[in-house]
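Protein chains in written order, with the numbering used here: chain A, 1 to 150; chain B, 1001 to 1485; chain C, 2001 to 2163.
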Amino acid sequence: MAGVVAVVLVLVGLPLVLWHWRHVTSVHRYPPGTKIVTLTAVAKGGVWTRDDIVGLTYWWRKPTRIGDVPLNHGDHVVVRLRSADVLHSFAIPLLRLGPVDIPAGHTVDVEFDAKRPGTLTFLCWQVCSPEHPGLHGRFVVKGNEQEETW
Amino acid sequence: MVTANPIAEATVPTEALERPWRFNLFARWPWLKRLVRMRSFQFLVILPNLFMFYLFIISALFGTPVGNRNIIIVFVWILWWFMLIAVLVPFGSRIWCTICPLPFFGDWIQRRAVIRVRTGKSPGTENSFFGLHKRWPKRLSNIWLQNFGFLFLATFSALLVTRPIVSAAVFGILFLVATVLAPVFRLRTFCNYVCPISGFLSLYAMTATVELRSVDKDECLKCKSKACIRGSDKGWACPWNVYMGKLDRNNYCGLCFECVKSCPNDNISLFVRPFATSDVVVRGYDEVWKACIMLVLALTYSVMLLGPWGRFKDWANVSEARNWAGFGLFAAGQALLALVIFPGLYYVSIRLAKWYARADSVPTKELFLKYAYMLVPMGLLAWIAFSVPLLMVNGAYIISVASDPLGWGMNLFGTADFPWTPLWPHWVPFLQVPILLTGLYYGLRGLHKVGRRIFTDPAQLHRSLVPPAALLVGVTLVFLKLFIG
Amino acid sequence: MNATPANVGRAALLRGIRIEARNAGIYDSLTHLFQGYDDSVATIFREMASEERRHGAELERRYGERFGPPPSPGEEPKEVIEAPDLDDPEAMIFDSMDVEQALELGLRAEENAREFYRRETARTSDPELQKAYRELGEFEETHVRLLQEKLAERRGAKDSAAR
């Protein structure tokens, strides 16, 4: 009986622990109110995506190209950057942020504050594939139109 | 009054066999014997492996698709592979099979128990097994399936050892097959006839420095119960279908230690013995071809994974390079080399041996089977020579992946960002050369030992050794050229 | 027990009885091992077990005629003469056992026993022991002839089937 219990604990416990880390622990290490944006760079197709690119889906599912990422004025933003395949990098030229290397398979955190409303373009700074020019996106910071913009 | 036993103790005279030294580990370390006799022993050693295996599958499915950042690739194809071929097999025989999680659920279904023993009368055993107890087809009761299975996997090795999902698919399928076969066929049919890992373990276990054997063969001769193979209330029937009373080689003993538990005469022990000296009997063509396949694959793997020829890498890396013609050439070439060309060369060396030694009275089949032993230590050491740079160059990934097994951004031990650091890469050839030469030495030595059992005339013996020895030297030179230029 | 001629003969016969019983037990194990795996082989071993029991009963009868009922079995005989055994430890893995090999296995065991008793007959100078061994040897000779006939029959049947 003890053996059976041990096996069940392994089969049920391991996914639970991993889920907890992914959705609770890794989120709650940031101060409350932090806006966490996860972006994955995919060389195949030259795509920034918010999809979870994992072993099961990488080879057959086409990732959804990111649209505009809405932010609120005053947000403290943590961008969790991942590379699904090769060395990428990340930069927001307007903020003089980066380029920050994202080695293949790594997760790199980049933080900034959305101090003013406006549009912040981000892009991959590392020539990663023939589709490299497609690796760009926009943060759109919403706020009071009277305020100074980027 | 004289009490006397009027009848002398009688034993059937047994042939004095030429036997190297060995010492009894259970006698030297009684705690080890107590440990393996525990009913829970196997479960306790398999459980951590089951956990790891499960983690590998989850990582492959839900972790990063990048191979060197996913635990399944790094831990299986760098760490486990190296440990298996360079440490576990030469020093522990089939000790991997002791802790292998693949048949775990199949055994659970058959035994309806994870730890305890059930007695009963399932066909051929004194235990109660669940299932249909079907006999594996006689035509497949050999390692041919394993030979072709391993060759098939090797054809896709460039994908297997770099893509987490491919590794997960392969292990998942093996796991599923093992579980499905268990309620249909007897005992560990999967392990004996299907598992591709088992195939090469069976061959290279012959060189190992440990063996599980009966202490006194006469005790086995007198034993009525044959509990080692039939089981008892103390232990399950041998899952590998091996009879310990006459066991004289490691090939098919999976070191589950059930016989140690079930033997009513406490007559089974683990012995330490010298490397590549004891088991020298190659039994059938399936084993000869396994030796040829493994040796050829050590060569093709070295070319593909370690060599400087990008073209061959692209041919093998078909899912990225999409060069199907090249892949076809690679697959066909590898199969031809492993199944036809190299066995053909070996056959020619045997024919030459017969001719040169004027050994017309010795059947070609006998020489072909027996002299094939020389390929066993050579093959094992060639694989070790291939695996050493694999670990030295890529071993740093083990450190980083240990902290972030799924590539999710964890940092469990603070080493997630440990950079890729090849370990003394300039020393690799200095390690590979002595390893290869050691393989050559043991191959030639084994050849000589086997030859002595066939030829009584020293001159004839030595002439018979020349052609196969020349083949072995040729193989070594090819590897040396590949590794050191 | 004193080593008188009668006792020597008695001990030899008793030993023979116990060996037959032990070997019947071994054949029972081999029968069970192959049952459901290869029933034709299991049948051979079952027949051999019956033969061993029959011979054991015959020896008990002879013992009874001379010395009264044999004592209940004590410890297992230490001798390995006649003990049948699988030659091939991997026979079950490679499915390499057939009826002919089963018969050969039994034949080898019986021939070993016959040779043992013949050697002991020649070796010993004790007339009672010689008589006992000769009797046991002749006993084993009948086993050998029986198995040789079965083997010849089997091989003959195979040859005609092949033709």
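Cβ coordinates follow ideal geometry from the N, Cα and C atoms, glycine included.
For K1354 of chain B, count neighbouring Cβ atoms within 10 angstroms of its own Cβ and tell me buried if that reaches 16, exposed if not. buried
Beta-carbon gap between R1230 of chain B and S2029 of chain C smaller than 8 angstroms: yes
Quick one: Cα of L1174 of chain B to Cα of A1359 of chain B, how far? 45 angstroms
With a threshold of 8 angstroms, are at least 3 pairs of Cβ atoms found where one atom belongs to the stretch 1444-1459 of chain B and the other to the stretch 1392-1412 of chain B? no
Nonlocal neighbours in the same chain, by C-beta distance under 8 angstroms from D109 of chain A, ignoring five residues either side: V78, V79, R80, L81
Rounded to a whole number of angstroms, what is the C-alpha to C-alpha distance between F1026 of chain B and F1041 of chain B? 15 angstroms
From L1391 of chain B to I1099 of chain B, what distance separates their C-alpha atoms? 22 angstroms
C-beta contact flag for R138 of chain A and L120 of chain A at 8 angstroms: yes
Any heavy atom of the ligand ADP within a distance shorter than 7 angstroms of the CB on E111 of chain A? You won't find the ligand ADP in this model; it holds no ligand whatsoever.
Which class does A1004 of chain B belong to by DSSP, given the choice of helix, strand or coil? In this prediction, A1004 of chain B scores a pLDDT of 37, lower than 50, which makes its location untrustworthy; the coordinate-derived value is nonetheless stated afterwards. Note: A1004 of chain B maps to coil in three-state DSSP.
What residues are listed by DSSP as bridge partners for H73 of chain A? In DSSP, H73 of chain A forms no bridge with anything.
Can you name the start and end residues of the beta strand (DSSP E) that T1179 of chain B belongs to? Run containing T1179 of chain B: none in the beta strand (DSSP E); it sits in the alpha helix (DSSP H), 1164-1181.
For I2017 of chain C, which residues in chain B fall below 8 angstroms Cβ to Cβ? Neighbours of I2017 of chain C on chain B: none; closest Cβ ~13 angstroms, over 8 angstroms.
Should G1414 of chain B be labelled buried (16 or more other beta-carbon atoms within 10 Å of its own) or exposed? exposed
Tell me the residue span of the beta strand (DSSP E) that contains A41 of chain A. 35-42
If you run the structure through DSSP and keep just helix, strand and coil, what is P1020 of chain B? coil
Span separating the alpha-carbon of C1238 of chain B from that of P2089 of chain C: 12 angstroms
Where the alpha helix (DSSP H) containing D1107 of chain B begins and where it ends: 1104-1111
Quick check: is the beta carbon of V1210 of chain B nearer than 8 angstroms to any beta carbon in chain C? no
Contact set for Y162 of chain A: own chain, Cβ-Cβ below 7 angstroms, skip 5 residues either direction: Residue 162 of chain A lies beyond the residue range present for chain A, which begins at 1 and ends at 150; the question has no answer from this structure.
Just to confirm the assignment: which complete alpha helix (DSSP H) runs, minimum length 4, are found wholly within the stretch 2076-2108 of chain C? 2091-2094
Proximal residues to S1387 of chain B (C-beta, below 8 angstroms), its chain only, five neighbours per side dropped: W1081, F1082, I1085, A1086
Residue from B:T1438, B:R1213, B:D1286, B:G1333 with nearest C-alpha to F1148 of chain B: B:D1286
From the DSSP output, in three-state form, read off P1389 of chain B for me. helix
Would a check of beta-carbon distances place L1367 of chain B closer than 8 angstroms to chain A? no
Could you pull out every residue in the same chain whose Cβ sits closer than 8 angstroms to the Cβ of F1418 of chain B, ignoring the five residues on either side in sequence? A1396, I1399, S1400, S1403
Which residues in chain C sit within 8 angstroms of P1123 of chain B, going by Cβ to Cβ distance? Q2035, G2036, Y2037
For G2156 of chain C, would you say it is in contact with chain B, using Cβ-to-Cβ distances shorter than 8 angstroms as the test? no
Span separating the alpha-carbon of Y1252 of chain B from that of R2119 of chain C: 39 angstroms
T1011 of chain B by DSSP, collapsed to three states: which one? Model confidence at T1011 of chain B stands at a pLDDT of 32, short of 50, so the residue's coordinates are unreliable and nothing is read from them.
Does the count of Cβ pairs from the stretch 1247-1266 of chain B and the stretch 1209-1228 of chain B closer than 8 angstroms reach three? yes
Mind pulling the beta strand (DSSP E) runs of 3 or more residues that sit fully within the stretch 1205-1282 of chain B? 1210-1214, 1268-1272
What does the alpha-carbon distance come out to for the pair A2157 of chain C and K2150 of chain C? 10 angstroms
Min CB distance R1069 of chain B to chain A below 8 angstroms: yes
Only counting the same chain, and skipping five residues up and downstream in sequence, which positions put a Cβ closer than 6 angstroms to that of A1372 of chain B? V1282, V1288, A1291
Measuring alpha carbon to alpha carbon, tell me which residue in C:R2108, C:T2142, C:E2020, C:I2026 is nearest A2057 of chain C. C:E2020
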